[in-house]
Amino acid sequence: MIGIIITGHGHFATGIQSTIKLLSGDQDKLIAIDFEEGMTADQLQERFKTAVSDLGEITGLAFFTDIPGGTPFNQAVMYKTAHDAVTVLSGTNVSMIMEVLFQRELNVDQFEQAAITAGQSGVVAFKQTERQTPDDDEDGI
Numbered sequence: 001m002i003g004i005i006i007t008g009h010g011h012f013a014t015g016i017q018s019t020i021k022l023l024s025g026d027q028d029k030l031i032a033i034d035f036e037e038g039m040t041a042d043q044l045q046e047r048f049k050t051a052v053s054d055l056g057e058i059t060g061l062a063f064f065t066d067i068p069g070g071t072p073f074n075q076a077v078m079y080k081t082a083h084d085a086v087t088v089l090s091g092t093n094v095s096m097i098m099e100v101l102f103q104r105e106l107n108v109d110q111f112e113q114a115a116i117t118a119g120q121s122g123v124v125a126f127k128q129t130e131r132q133t134p135d136d137d138e139d140g141i
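Heads up: the sequence shown begins at 1 in UniProt numbering, then just goes up one per residue.
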């Protein structure tokens with residue numbers, strides 16, 4: 001099973017984790033690590049190492065980060081350069097994680113592609129095709 005670490009600035013990670021828990025319950029081998037104000041890059045890297053240890057036996061690891069080039073992303077990339085079967089994804093949204101939660105038996109490359117596809121398709125804009133007016137005879141929903 002691929003382990004998941006969600007990380008980002010402020011309470012990004014725990015916010016995403018909270019949403020996932022609300023939608024699909026507690027998830028094994030999923031850890032959120034917030035990069036909070038006053039925290040150093042070295043402290044974040046240490047939290048990553050502790051989290052990986054806490055994940056236990058995994059076949060691969062996926063870091064889901066908020067923005068490319070930020071400290072959480074950069075530290076995840078540093079971790080990846082020293083370890084095999086690790087992917088670092090950025091621009092994380094709830095859709096992408098929800099989609100891959102039940103695909104964690106894939107290899108890391110397949111998992112990565114599934115996450116990217118889901119993340120991209122999870123970004124949509126509402127387009128109204130015609131204006132609807134309320135009908136007084138209807139009770140509504």
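Beta carbons: idealized from backbone N, C-alpha and C, even for Gly.
On the DSSP bridge assignment, give the partners of Ala62 in chain order. Ile4 and Thr87
Give me the Cα-Cα distance between Ala62 and Phe111, rounded to the nearest whole angstrom. Approximately 9 Å, taken between the alpha carbons.
Pair within 8 Å by beta-carbon distance, Gln6 and Val94: The sequence given here places Ile at residue 6; Gln does not occur at that position. No; because the gap between Cβ atoms is not below 8 Å, this pair is not in contact.
Considering only residues of the same chain and omitting the five flanking positions on each side of Gly10, which have a CB-CB separation below 8 Å? Asp34, Phe35, Glu36 and Glu37
Where does Leu106 fall in DSSP's three states? coil
How is the alpha helix (DSSP H) around residue 155 delimited, first residue to last? This structure does not reach residue 155, given that the chain is present from 1 up to 141, and the question cannot be answered.
Per DSSP, Leu30 forms a beta bridge with which residues? Ile4
Closest to Phe64 by CA distance: which of Lys21, Asn74 and Asp84 is it? If we check each option's Cα against that of Phe64, Asn74 comes out closest.
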